[in-house]
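Residue 28 is where the sequence shown starts when you use my numbering, and the numbers rise one by one after that. Cβ coordinates follow ideal geometry from the N, Cα and C atoms, glycine included. Have a look at the structure below, then the notes.
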Amino acid sequence: MVRCILMGKAPVPGNVKTRLLSRYTPMQAAAIYARMLELTLSRVARLFADVWVAADDPADPCFAELPHELVHQGNGDLGRRMLRLMRLHFASSAEPVVFLGCDSPHMPDERVLLGLEALAWSDVVIGPVEDGGYDLLGMRRPVESIFRRIGWGGARVMEQTLCALEDERLTVHLLSSFYDLDFPEDLVRCGWAPMCPSMSI
C-alpha cells in the first residue's frame with residue numbers, strides 16, 4: 028500500500044503564500060492557503076488509504092481531529108525535512124511513498140493516479156511544474172541524493188533533482204508538466220475568483 032506524505036503548513040498570516048501579497052493581504056493569503064490545504068486533504072483522503080500529514084506546527088488547530096497520522100516536519104530546509112520523513116517511512120515500511128504539497132489543489136486526481144500507476148515499474152516518479160519544481164514525488168526505495176544540494180524554491184529544482192537521479196542510475200518517470208498556485212495570476216488561470224479568499228474550484 029502506497030503511503031502519501033502530505034507536506035502542510037499552518038495558515039499563519041505572513042508565513043504562507045507570500046508571493047500572493049502583491050494583490051492580497053496577509054490574512055487573505057492565509058485564507059487562500061487554508062482552502063488549498065483543505066482541498067488537498069480531501070484529495071489524499073480519496074486516493075490513499077495510508078496518509079501522513081507532515082505539519083510544520085502540529086499543534087495548530089487546523090490540524091486537529093484529522094483522520095490521518097500527524098507527524099512533525101522538523102527543522103531545516105525543505106530537503107532536510109523531506110529526507111527525514113522519507114527515512115521515517117522506509118524505517119517502518121517497504122512500500123512506496125508519494126510526497127505531495129498543497130500548492131496544486133486544482134490538480135486533477137488523474138495526475139496522482141497516473142503517478143501511482145507509474146510507481147509499479149519506475150523507481151522514482153516526479154510531477155514537474157512550470158516554475159522549475161515539482162508537485163509530486165514518488166519513490167519505491169530510499170533515495171537520499173535528491174534532497175541534498177538542491178536550490179529549494181528556485182527555478183532549477185527539477186533540473187538538479189534529475190541530475191542527482193542520473194548518478195543513482197534509477198528508472199525515472201516524469202508526468203506531464205503542470206503549474207502551482209503561487210502568484211495572483213495563477214489563481215485566475217485555474218478559475219479561482221481573483222479577489223475572494225473563500226473561493227472554490
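Just grab the DSSP bridge partners of GLY154 for me. Its beta-bridge partners are LEU163.
Where in the region 88-130 do unbroken runs of the beta strand (DSSP E), each at least 3 residues long, occur, reported from the N-terminal end onward? 96-99 and 124-127
Rounded separation between MET28 and VAL125 - CA only: Each residue's alpha carbon lies about 11 Å from the other.
Please classify MET54 as buried or exposed, where buried requires at least 16 other C-beta atoms within 10 Å of its C-beta. That one is exposed.
Quick one: give me the first and last residue of the beta strand (DSSP E) that VAL240 is part of. Shown here, the chain extends from 28 to 228; a query on residue 240 therefore has no answer.
Assuming LEU202 and LEU208 are in contact, meaning their beta carbons sit under 8 Å apart, how far apart are those beta carbons, in whole angstroms? The Cβ separation is near 17 Å, so there is no contact.
Let me check understanding here. Comparing Cα to Cα, which of ASP77, GLU171, VAL152 and ASP130 lies closest to ARG46? ASP130
Three-state secondary structure (DSSP) at ALA81? strand
Over what stretch of residues does the alpha helix (DSSP H) that includes MET185 continue unbroken? 184-195
Label SER120 either buried or exposed according to how many other C-beta atoms from any shown protein chain fall within 10 Å of its C-beta, with 16 as the threshold for buried. Looking at its Cβ environment, which holds fewer than 16 other Cβ atoms inside 10 Å, SER120 is exposed.
Whose C-beta lies closer than 6 Å to the C-beta of LEU115 among residues of the same chain, with five residues either side of it excluded? none
Judging by CA-CA distance, which residue of SER149, THR67, LEU33 and CYS89 is the nearest neighbour of MET113? When C-alpha distances from MET113 are compared across SER149, THR67, LEU33 and CYS89, the shortest belongs to LEU33.
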